[in-house]
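Written out as structure tokens, the structure reads:
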């Protein structure tokens, strides 16, 4: 763990490298698309979807489609960065990749983080509570 939590690693993360940007984009856009309806009902003013619709003069369906294409592009950048050899421990790259995977699982079709009684509750139960046969 010492090699992962070094000053150089913190500086690398703080430099906001492409894999971190891609992971952030995946999380931010997937969350915003799947929670857009609820946020509008709650009166949240700032929304990626609303901003996109206004900036590009498009409807909600087209905005969702284009934002999800941006997520796909972010995954491509993410995967390219995983294949490029860098001077960062593989353990750290694995953490970033796994974080992105979890975010995608939470927000793939609906906002299961907000609606945690959907698949999230079952998935956490399977992962952490139920025993696994080997």
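In UniProt numbering, the protein residues as written are 1 to 134.
Built from N, CA and C at the ideal position, the CB exists for glycine as well.
What does a CB cutoff of less than 6 Å around residue 53 pick up in its chain, not counting 5 residues either side in sequence?
-> Position 53 of the chain shown, counted from the first residue, corresponds to residue 53. Counting only Cβ-Cβ distances below 6 Å, and skipping sequence neighbours, we find 63.
Is the segment 30-45 touching the segment 94-110 in the sense that three or more CB pairs, one from each, lie closer than 8 Å?
-> yes
So, helix, strand or coil for residue 24, using DSSP?
-> The residue given as residue 24 occupies position 24 in the chain shown. In this structure, residue 24 counts as helix in the three-state DSSP scheme.
What are the uninterrupted segments assigned as alpha helix (DSSP H) that are 4 or more residues long and contained completely in the segment 29-91, given in chain order?
-> 48-56 and 60-83
Which value, in whole angstroms, describes the spacing of the CA atoms of residue 11 and residue 21?
-> In the chain shown, counting from the first residue as 1, residue 11 sits at position 11. In the chain shown, counting from the first residue as 1, residue 21 sits at position 21. Between residue 11 and residue 21, the C-alpha separation is close to 15 Å.
Inter-residue Cα distance where the pair is residue 77 and residue 90 = Working through the chain shown from its first residue, we reach residue 77 at position 77. Working through the chain shown from its first residue, we reach residue 90 at position 90. Whole-angstrom Cα-Cα distance: 17 Å.
Given a threshold of 16 other Cβ atoms within 10 Å of its Cβ, counted over all protein chains shown, does residue 27 qualify as buried or as exposed?
-> The sequence position of residue 27 within the chain shown is 27, counting from 1. Buried is the call here.
How many angstroms separate the CA atom of residue 73 from the CA atom of residue 19?
-> Here residue 73 is taken as the residue at index 73 of the chain shown, counted from 1. Here residue 19 is taken as the residue at index 19 of the chain shown, counted from 1. Cα to Cα, the separation comes out at about 12 Å.
Going by Cα to Cα distance, which pick from 60, 123, 87 and 69 is closest to residue 13?
-> Walking along the chain shown from the start, residue 13 turns up at place 13. Per the Cα distances, 87.
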